[in-house]
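Scroll down for the structure; my scribbles are underneath it.
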Amino acid sequence: MEWTSPWEPVEDLEIRGRLERQLRRELPPHHVLAHLDVTAIARLAGADDVIFALADGRVAQVHLTWSESPPASNRPAVQLCGSLAAWREADAQ
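Heads up: the sequence shown runs through residues 15 to 107, numbered per my numbering.
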C-alpha cells in the first residue's frame, strides 16, 4: 500500500503495538471500536490521527488523545469507512 503525504505507513511493529495499546486504553466500553480487532496501518505526520484496519475490512480514522484512561465522553473521535478505498476517496475531498 502506498500512502501519500502527510500520511505515513506504520511499518515498525513496536510503534504499531504502541498505537494499538493506546487506542485500547482510550476506548470507553460503549465506544463503536470497543472490543474490535484493529491494526494500526498509517498515521498522520505530526498529528495524533491514526488509520486502523478492522478485521471486517472497514477502516477507522481515529484522533488519539494520549490520555491515560478512557474519557467520559464518546472519545476518541472516529471516522469509520467501509473500506480503505472509501476512506481514501473521502480523504481526497
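No residue lacks a Cβ here, since even glycine has one placed at the ideal position from N, Cα and C.
So, is residue i buried or exposed, given that buried needs 16 or more other C-beta atoms within 10 angstroms?
i, result
"residue 32", "exposed"
"residue 29", "exposed"
If you drop the 5 nearest sequence neighbours on each side, which residues of the same chain put their C-beta closer than 7 Å to that of residue i?
i, result
"residue 77", "62, 63, 90 and 91"
Please list, in chain order, all residues of the same chain as residue i whose beta carbon is under 8 Å from its beta carbon, the five residues on each side excluded.
i, result
"residue 72", "94, 95, 96 and 97"
"residue 41", "47, 48, 84 and 90"
Could you spell out where the beta strand (DSSP E) holding residue i opens and where it closes?
i, result
"residue 94", "91 to 95"
"residue 57", "52 to 58"
"residue 22", "21 to 23"
Do residue i and residue j have their C-beta atoms closer together than 9 Å?
i, j, result
"residue 74", "residue 51", "no"
"residue 17", "residue 56", "yes"
By how many angstroms is the C-alpha of residue j removed from the C-alpha of residue i?
i, j, result
"residue 25", "residue 60", "17 Å"
"residue 36", "residue 21", "19 Å"
"residue 23", "residue 81", "23 Å"
"residue 27", "residue 34", "10 Å"
"residue 100", "residue 65", "13 Å"
"residue 102", "residue 19", "12 Å"
"residue 79", "residue 39", "10 Å"
Start and end of the alpha helix (DSSP H) containing residue i?
i, result
"residue 33", "27 to 40"
Enumerate in chain order the residues of its own chain whose CB-to-CB distance from residue i is below 6 Å, with the five nearest sequence positions on each side excluded.
i, result
"residue 53", "67"
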